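Trainee: Below is one structure. I have some questions about it.
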Amino acid sequence: MGITLELIVFLILAVFIVASSILAVTTKRILRAATYLLFVLFGTAGIYFQLNYSFLGAVQLLIYAGGITVLYVFSILLTSSQGDRAEKLKNSKMFAGLLTALAGLVICLFLTLKNTFLPSHFEHGELPVSAIGMSMMSGEKYGYILPFEVISVLLLACIIGGILIARKR
Amino acid sequence: MEYTILILLLPFLSFLVLGLAGMKMSNRLAGTIGTVVLGIVAVASYYTAFDYFAAGRGADGTFPTLMPYNAVWLPISESLHIDMGILLDPISVMMLVVISTVSLMVHIYSFGYMKGERGFQRYYAFLSLFTMSMLGLVVATNIFQMYLFWELVGVSSYLLIGFYYTKKEAIAASKKAFIVTRFADLGFLVGILFYGYYAGTFTFTPQLQMLASAGAMIPLALGLMFIGGAGKSAMFPLHIWLPDAMEGPTPVSALIHAATMVVAGVYLVARMFPLFIGYAPEVLHWVAYVGAFTAFYAASVACVQSDIKRVLAFSTISQIGFMMVGLGVCTSADPHDGGLGYMAGMFHLFTHAMFKALLFLGAGCIIHAVHSNEMSAMGGLRKYMPVTHITFLIACLAISGIPPFSGFFSKDEILTACFAFSPVMGWVMSFIAAMTAFYMFRLYYGIFWGRENKELHARHVPHEAPLSMTVPLIFLALVTCGAGFIPFGEFISSNGQSYTIHLDSQVAITSVCIAVVAIAVATWMYLRERQPVADQLAKTFKGLHRAAYHRFYIDDIYQFVTHKVIFACVSTPIAWFDRHVVDQFMNFLAWCTNASSEEIRSWQSGNVQQYTRVFLGGVLVLVLVLLLI
Amino acid sequence: MRPELSLIAVILLLFFFDLFAKGKARDYFQPLACVLMAVHVLVNVVPSREAFSLFGSMYQYVPMMSIVKTVMAIGTLVVILQASNWLVGDDTRHKQGEFYVLLLSTLLGMNFMISAGNFLMFFIALELASVPMACLVAFDKYKHHSAEAGAKYILSALFSSGLMLYGISMLYGTTGTLYFDDMAARLSGTPLQVMALVFFFSGLGFKISLVPFHLWTADAYQGAPTTVTGYLSVVSKGAAAFTLMVILMKVFAPMVAEWQTVLFWLIIASITIGNLFAIRQQNMKRFLAFSSISQAGYVMLGVIGGNAMGMTSLVFYLLVYLAANLAAFGIVNVIERNSGKLDMDDYNGLYRTNPKLAFLMTLALFSLAGIPPFAGFFSKFFIFMAAFSEGFHLLVVIALLNTIISLYYYLRVVKAMYINPSDAPIATFRSDGYTRLSLVLCMAGVLLLGIASSVYDGIHLFSFGL
Amino acid sequence: MNILSLFVLVPLLMLLGLWLSKSINQIRGVMVAGSTALLGLAVALVFMYLGERASGNTAEMLFMADYVWYAPLNIHYTIGVDGISVAMLLLSAIIVFTGTFASWRLQPLTKEYFLWFCLLSLGVFGFFICIDLFTMFMFYEVALIPMYLLIGVWGSGRKEYSAMKLTLMLMGASALLLAGILGIYFGSGATTMNILEIAALHNIPFEQQCIWFPLTFIGFGVLGALFPFHTWSPDGHASAPTAVSMLHAGVLMKLGGYGCFRVAMYLMPEAAQELSWIFIILTTISVVYGAFSACVQKDLKYINAYSSVSHCGLVLFAILMMNSTASTGAILQMLSHGLMTALFFALIGMIYGRTHTRDIRELNGLMRIMPFLAVGYVIAGLANLGLPGLSGFIAEMTIFNGAFMNDDVFHRTVTIIACTSIVITAVYILRVVGKILYGTCTNEHHLKLTDATWDERLAVIFLVVAVAGLGLAPFWISDMIHESVLPIVSHLALN
Amino acid sequence: MIQMEYYLVVSTIMMFAGIYGFFTRRNLLAILISVELILNSVDINFAVFNRFLFPGQLEGFFFALFAIGVSAAETAVAIAIIINIYRNIRNIQVKNMNELNG
């Protein structure tokens, strides 16, 4: 298997994502963490693009990068106080967290890599947005009208709930 | 003979009436009810005896065994059941007479003796109860009925010994009496269980093939039953309760602890005699050995006691020993050939009941007069209490075996039987008979002659007892004088056939001589004010004297065993174990639960990160568990 | 889809009422909510007998689901009744509308969760059931405890849904479908699928609060408003338990040995640890939280057998548990409202001052402890029977031994109310009509559900189709 | 309506009546009416039962009725009685009746007290009439739980601790029992909960029996004070109020023996035979151990509680002997122990109510002060130590005779060991009688005390008459029990 | 052509990085950021599986799509709650969040 452009792009993305994820959870300053998160989200979107899921990538950028990260930044600024930067970790706690996470990582990776998935048949070519739309609005099998409706209720409830909690009184 | 049921029912009714309504009655009424009922019972008993013996012998030359009543009371299994009924045969009829006579005398006597006592009604109620149970015991149609009434007499004895329930000694004595006999009854019960299982019946006449196939179990059963008998009849080493039982009112001692209940063991052996002879002669001989040793032991203790009731108690033990020996030395059921002892034993039972009751009632008069049991408070009473004196003397002569008093005849028969069994036994028993004569006359002189406690008598002049008390004395004295001439063998013998008593002159002369010598020694030692010989002897054999006075420390051994061993080494540790090990174990479980609850408290630290760490850890562990196991 | 549609109608009506009602009309908010809920219950009380699926199996229906939904709706009705005296408080009066909408949307989520035929549908419904719940937990937003509880709840929920999603993704990766029916045919029990099963399981385990996914429970229960706690402990838990059973039986049928092992250990852990924590709790809500953890373990006994008897007894158990636990929470709530007291020690001598409440509490606790003739005894017996019938003897014995511990802590409360002396007992008060109505409903359940076998028989009639 | 159902209905009506009653007199009225009705019912039932039998009805159970309850689970409300249950019902009715009078003057919260009291008796009666495993178990638990409040609220001394311990231990036992019942049900093919039908099926595999038998036996045995699970009994009895002690020792502990016999032994005969030796050893220990422990106790109730351990041990001992005689004896012993222990506890309660102490070192000379109670106490004591003419004797003798019918060394040995208890019993009974009743009273305060009131006299006299009646004329009841024991015992002997 | 497993490795690392962050961060918002990582990684999984293994239907795709939406909603609510906490105690440190315990 030769080194293709795709692979190079993927490798760059992968290194970028992994590095940003790790930095996002280790950096001591929370605003930087949010920034690294943004990088991760961008990287993820890149992966979606690479997988030819442009729509998904776009959604990712719009909602996550565009919406949520901004929310984070605002709320970080809103809640920042003196103690935030001088975050000091107790070693034992960090160690326990690290240990559990590493154990989980090892187990999951081991099982994932050992598993023989079905033979992959990667198909190039962009997903037509109309197909997405058709599925989204279909009530047949592999149609998503019902989840779509339910998630709308969820969003409504979350809006009501979020406002309820966050508003002044 | 359906009327015999009255013999049981009347005392029971009287018990119920007196027990339930007694509190509302006057003393006189209660006493009268009890006495009248007993009078009727006595009449019924005499009539029964008359009726029974007058009916004559059956074709086989024996008096028939009658069962006017017998009904299933408690079924045990298909074949086994406990019956209630009335059985009449020569010995039970004889016992009916003895019991109702003595009981009647005691009822009459108690009028005077218990006059003005608190609980007079209760006393008569208990007496009725006792009489009922004792009569029930002797007319039992089966061994279980006998056991049942056996327990009842035990309880009535308990109640009567503890009559003065505010007195510490009385409480202790009643308890002791009950528990010791109860312990012996355990043997009886187990014996009955063995018997019932192997004989397939509780009646006294089991099927022979059942017995034959039972092998060694029947002797075992009989031996265990004898333990019960030994307890009730105060055989060594189960005798310890009897001397203490003298804490009860004296008439009670006369009735229960001298004449009737204590001979229940003898009666039991006699009742089972055919089985003993047929299947367990070696056990029967053990009965004899135990009886002989007890007789000797009790006689030697009696020689040094100073409490007159205790002397009489030990004398009773000793005399019961004689009866047991009489039964035990039998080697066959034929009175002409080694079976004489049966008749002799029963005869002695009969005569002894009369003269021992007389002795006790006499002692009661004396105690009534001087308000003490101790010989030191007496002496020289012959001047004050002539009737008591004479009747007491008669009884003493009877028990010592001086003709023509009844004791002579019966004791002589026993000695004859002993000599027939083995000369050693004969001489041993003769020697004990001598001891009997000695201590009885020591007692007699100590009370009526000897050193008089003038100080006390001056302060409180002893007087003769009232008529209600002396009449029974005189009656019993008359019986004692005459009973020896009853042709006892005509009525009762080991095989039921008629047996004519004939005195073995050699034995008779020997025994009389021995008795006379013993009385002479006693006279020499105790007749006068000053008793140098006795004091000297007591000094010389100080250790022995003290040991005998303390009844050879048997009581102390029991005391040790019960308090130090049973209570301190068994019960207390068990109770401790229960509270601190078994119970604590349950508490320990609870403690463990609580402790582990405290221990895992830190899991719920309140830190959400730790929560999720546990969450993930749980997931991973489950994955590993599923994949690795 | 009758329950869902009528529920959406109720939500919308309340929502618009909240938007448009002004002034005095708002006083009718509570009666309206109660009546609407009652109507909702009545509309759905008779299940249709046919099993069917809609939206290309996205939505599935078997009669038993309808029964569970009705049970949950009854529970919600009771919760709304009990919420009344809390909602009219100054802090919350203006938030009634939000309360109803949030509460009912979680209920809607549960209904969809129960009927889901696809993991996507299931996931969204689950989130619909839990995210608004976080808002409810944090409803008393000026109370730090409530806020803290809300934060813990939402963080734990996010974490667990992350893990669950990971599990679902692996299931998808190994089978290529998210539809329940298709997946059941393609599962083979490879190690990765086993891992995925456990990860998935943890998500529902979180909602049912099985050990070790339970640690949020006590904190959230304690911090949340008491009525919400009651709702969490009964309705939310019950719906999740039933869903878990449906999915395990339908989807993971090929991996039955694996999930039975998982359940085996989780049941033991839940019952035991829930009990061990409960015995030294002082706060009533926290105490009931741990009791509910251990109850969840008992509920799972109905799942582990995986048979019709188990299903029937599980639903019956949920119904009975609903009556008893909501009664207990209702009483805790009304006492908290009237005296502000929540500690077990505060309950000392309650019988002297409020005998009726104390008596009802006793009955509720006895039912929870499984003491006849109250319904809890029957439901416990049946659920043990169900597990036993599949050969889980040891498990049943362990669960039975644990009932002793649970009896101990239930009796602690009884002891406090009846036996312990108190210098300052809770003053005598008269509870409001709504609460009384709710308690009457619960007590009717506690007393009659067991004795009258028709309820169980009715459930039994519909225990098919899975 | 089936007469048996009345036994459940009457307590229910009593509960209702109590609920509605407003004054102490109404409460008393309800209780007296109800308990008298129950007593009358029980007596009527005895006669009806005997009449049926006399007219040749040989069915194992009479007055059967069967109502389906939980059809899917084969749970029925099946009722029926044989001689054993009739005897137990009579016993329960007597105790409830006398218990009512023994708590005549109870204060405070009289109404609540009687409510729980009625619930307890409801459970007891239900237990004895049911022959469906589930229903039986349900009533069993109904009978247990009121104990907690009855002791905890109205008790004395360390009541909370005792009540909790008692409840937890008994409920722990019933947890085992539940497992046992499920084991029986599923072991027999899960087709029926009816005891008679399960026994007739007789198809529980032996290996399963060996698991479920011990669980069931221990489950019931704890209530029957089986060593080493008896420790709830002393504390529980010591703390309980009078009538509760009566009911508990008099009736509840009988549930244990009855259950062991009717359920454990009857349904799992093979395992019973295989494993009986373990339990025989335990029960023998109970018998002797309880008696020895009683010898050194200082609290009257403790003495009696340990005595109960000993006597109830004898019940279990007897049923393990597996023959009709011993089993009859066991039932007789239950009756007898129920009556005399109730009498004992009633008297102790009455004495305690006056002297406010139960410590035998502080009591003496009561015979002079309260002769009625003292005489009652002596009678109870005599019954306890097996005096002929009172109930204890016949029961013990039947048991020992029955036990002796097993002619191997092991059974013989344990029987003889068990027999020794009658001596030890005498020791502790007489010790108490001697200490507290006899002697002279040294406590001035006690001198002013009064004797029993009319309600107390009524309770005591009633019980004494019952004890004596059973002891004097045992044949009719013994026959009745014996023939009912036979099917069960023959089932045991089938193998 | 890129192996599918490479993507899975990346997503798994991202996931456990998020988990690690969840376990160790002190600030509630930082924890929430870690959660985003977790959820995001799962979305990758779905997309990758869909694209590589089961391109016939769009199940994974839609799952990822909906998951993004749901996680956005969740984040919003979570942030609202955190802000509420800040309003209550002027602090969003985890260490101040253990009043409820035991």
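Protein chains in written order, with the numbering used here: chain A, 606 to 774; chain B, 304 to 932; chain C, 3 to 468; chain D, 1199 to 1693; chain E, 16 to 117.
Every residue, glycine too, gets a C-beta built ideally from N, C-alpha and C.
Please read these numbers as outputs of a predicted model, since none were measured by experiment.
Against chain B, does D:P1685 count as a neighbour if the rule is that its beta carbon must be under 8 Å from one of theirs?
Mentor: Numbered from its first residue, the fourth sequence carries residue 1685 of chain D at position 487. No, D:P1685 lies away from the interface with chain B (no Cβ there is under 8 Å from its Cβ).
Trainee: Would you say B:E454 lies against chain D (beta-carbon separation less than 8 Å)?
Mentor: By one-based count along the second sequence, residue 454 of chain B stands at place 151. Answer yes: the Cβ-Cβ gap between B:E454 and chain D drops below 8 Å somewhere.
Trainee: Compare the Cα-Cα distances from B:G631 to each of B:H639, B:L643 and B:I620 and report the closest residue.
Mentor: Indexing the second sequence from 1 puts residue 631 of chain B at position 328. Closest option to B:G631, Cα to Cα, is B:L643.
Trainee: Counting only beta-carbon separations shorter than 8 Å, does B:K478 have a partner in chain D?
Mentor: Against the second sequence, residue 478 of chain B aligns to sequence position 175. Interface residue, yes.
Trainee: Where C:G372 and C:S381 are concerned, what is the direct C-alpha to C-alpha distance, given to the nearest angstrom?
Mentor: On the third sequence, residue 372 of chain C is found 370 positions in, with the first residue counted as 1. On the third sequence, residue 381 of chain C is found 379 positions in, with the first residue counted as 1. So the two alpha carbons sit approximately 8 Å from each other.
Trainee: Hey, which unbroken runs of the beta strand (DSSP E) at 3 residues or more fall wholly within the segment 19–66 of chain E?
Mentor: Counting whole runs of 3 or more residues, the segment 19–66 of chain E contains no beta strand (DSSP E) stretch at all.
Trainee: Can you find a CB in chain E that lies within less than 8 Å of the CB of C:D221?
Mentor: Working through the third sequence from its first residue, we reach residue 221 of chain C at position 219. True, the Cβ-Cβ gap to chain E drops below 8 Å.
Trainee: Does DSSP classify C:D1 as helix, strand or coil?
Mentor: Residue 1 of chain C lies beyond the residue range present for chain C, which begins at 3 and ends at 468; the question has no answer from this structure.
Trainee: Let me know if D:T1638 comes out buried or exposed under the rule of 16 or more other beta-carbons within 10 Å of its beta-carbon.
Mentor: Taking the fourth sequence and counting its residues from 1, the one referred to as residue 1638 of chain D is at position 440. With fewer than 16 Cβ atoms within 10 Å of its Cβ, D:T1638 is classed as exposed.
Trainee: Residues of chain D with a CB under 7 Å from the CB of C:F386: which are they?
Mentor: Counting from 1 along the third sequence, the entry for residue 386 of chain C is found at position 384. Simply L1376 and L1380.
Trainee: Starting from D:L1214, trace the alpha helix (DSSP H) both ways and give me its first and last residue.
Mentor: As a working note, residue 1214 of chain D is residue 16 in the fourth sequence. I1201 to L1218 is the extent of the alpha helix (DSSP H) around D:L1214.
Trainee: Report the residue ranges of all alpha helix (DSSP H) runs contained in full by the segment 1577–1625 of chain D; include only those spanning at least 4 residues, in chain order.
Mentor: Complete alpha helix (DSSP H) runs here, min 4: 1589–1601.
Trainee: So, helix, strand or coil for D:V1266, using DSSP?
Mentor: Position 68 of the fourth sequence, counting from 1, holds the residue named residue 1266 of chain D. Residue state, collapsed to three classes: strand.
Trainee: So the candidates are B:A362, B:G422, B:L391 and B:L316; which of them puts its Cα closest to the Cα of D:R1566?
Mentor: Looking up residue 1566 of chain D in the fourth sequence gives position 368. That would be B:G422, whose Cα lies nearest to the Cα of D:R1566.
Trainee: For D:H1446, count neighbouring Cβ atoms within 10 angstroms of its own Cβ and tell me buried if that reaches 16, exposed if not.
Mentor: Counted from its first residue, the fourth sequence places residue 1446 of chain D at position 248. Buried, since its Cβ has 16 or more Cβ neighbours within 10 Å.
Trainee: Could you check whether the segment 85–99 of chain E touches the segment 195–205 of chain C, counting it as contact only if at least three pairs of C-beta atoms, one from each stretch, sit closer than 8 Å?
Mentor: Verdict: no, contact absent.
Trainee: Classify B:R831: buried if its beta carbon has 16 or more other beta carbons within 10 angstroms, exposed otherwise.
Mentor: Position 528 of the second sequence holds residue 831 of chain B. Result: exposed.
Trainee: Write down the C-beta distance between A:V630 and E:G33 rounded to the nearest angstrom, noting that I regard them as a contact closer than 8 Å.
Mentor: As a position in the first sequence, residue 630 of chain A is number 25, starting the count at 1. As a position in the fifth sequence, residue 33 of chain E is number 18, starting the count at 1. About 7 Å; that satisfies the 8 Å criterion.
Trainee: Once DSSP output is grouped into helix, strand and coil, what is the label at D:H1689?
Mentor: On the fourth sequence, position 491 is the one that residue 1689 of chain D refers to. DSSP places D:H1689 in helix when its eight states are reduced to three.
Trainee: Have a look at the DSSP bridge pairing and note the partners of B:V375.
Mentor: Taking the first residue of the second sequence as position 1, residue 375 of chain B is located at position 72. DSSP lists B:D386 as partners of B:V375.
Trainee: Closest to B:G909 by C-alpha separation, out of C:N87, C:W218 and C:Q262, would be which residue?
Mentor: As a first step, residue 909 of chain B is located in the second sequence; it is residue number 606 there, counting from the start. Cα-wise, what sits closest to B:G909 is C:W218.
Trainee: Which residue comes first and which comes last in the beta strand (DSSP E) that contains C:Q62?
Mentor: As a working mapping, residue 62 of chain C is identified with position 60 in the third sequence. First-last of the beta strand (DSSP E) with C:Q62: Y61 to Y63.
Trainee: B:A605: which of B:N798, B:I735, B:C784 and B:I385 sits nearest, CA to CA?
Mentor: Numbered from 1 along the second sequence, position 302 holds the residue referred to as residue 605 of chain B. Minimum Cα distance to B:A605 is reached at B:I735.
Trainee: Considering D:V1279, what are the terminal residues of the beta strand (DSSP E) in which it resides?
Mentor: Within the fourth sequence, numbered from 1, the residue matching residue 1279 of chain D stands at position 81. Segment I1273 to V1279, the beta strand (DSSP E) holding D:V1279.
Trainee: Name the residue from B:G494, B:M398, B:A660 and B:W453 whose alpha carbon lies nearest to the alpha carbon of B:F481.
Mentor: By one-based count along the second sequence, residue 481 of chain B stands at place 178. With distances taken between Cα atoms, B:F481 lies closest to B:W453.
Trainee: Relative to the alpha-carbon of B:G322, which residue among B:Y570, B:I336, B:I310 and B:P509 has its alpha-carbon at the smallest distance?
Mentor: Translated into positions along the second sequence, residue 322 of chain B becomes position 19. B:G322 has its Cα closest to that of B:I336, out of B:Y570, B:I336, B:I310 and B:P509.
Trainee: If the criterion is Cβ atoms closer than 8 Å, does the pair E:V63 and C:L167 meet it?
Mentor: The residue you call residue 63 of chain E lines up with position 48 of the fifth sequence. The residue you call residue 167 of chain C lines up with position 165 of the third sequence. In this structure, C:L167 does not lie closer than 8 Å to E:V63 by Cβ.
Trainee: Applying the 10 Å Cβ sphere with the 16-neighbour rule, what's the burial state of B:P689?
Mentor: Numbered from its first residue, the second sequence carries residue 689 of chain B at position 386. Flag for B:P689 reads exposed.
Trainee: How would you write the range of the alpha helix (DSSP H) that A:F753 sits in, first residue to last?
Mentor: Here the question's residue 753 of chain A lines up with position 148 in the first sequence. Looking at the DSSP string, the run of the alpha helix (DSSP H) that includes A:F753 is I750 to A771.
Trainee: Between the segment 699–712 of chain A and chain B, which residues of the former have a C-beta closer than 7 Å to a C-beta of the latter?
Mentor: Listed in sequence order: A701, G702, T705, A708, G709 and I712.
Trainee: Counting along the chain, where does the alpha helix (DSSP H) carrying D:F1325 start and finish?
Mentor: What you label residue 1325 of chain D is simply residue 127 of the fourth sequence in a count that begins at 1. Where D:F1325 is concerned, the enclosing alpha helix (DSSP H) stretches over T1308 to I1327.
Trainee: Let me confirm a value: A:I768 is counted as buried when at least 16 other C-beta atoms fall within 10 Å, else exposed. Which label applies?
Mentor: On the first sequence, position 163 is the one that residue 768 of chain A refers to. With fewer than 16 Cβ atoms within 10 Å of its Cβ, A:I768 is classed as exposed.
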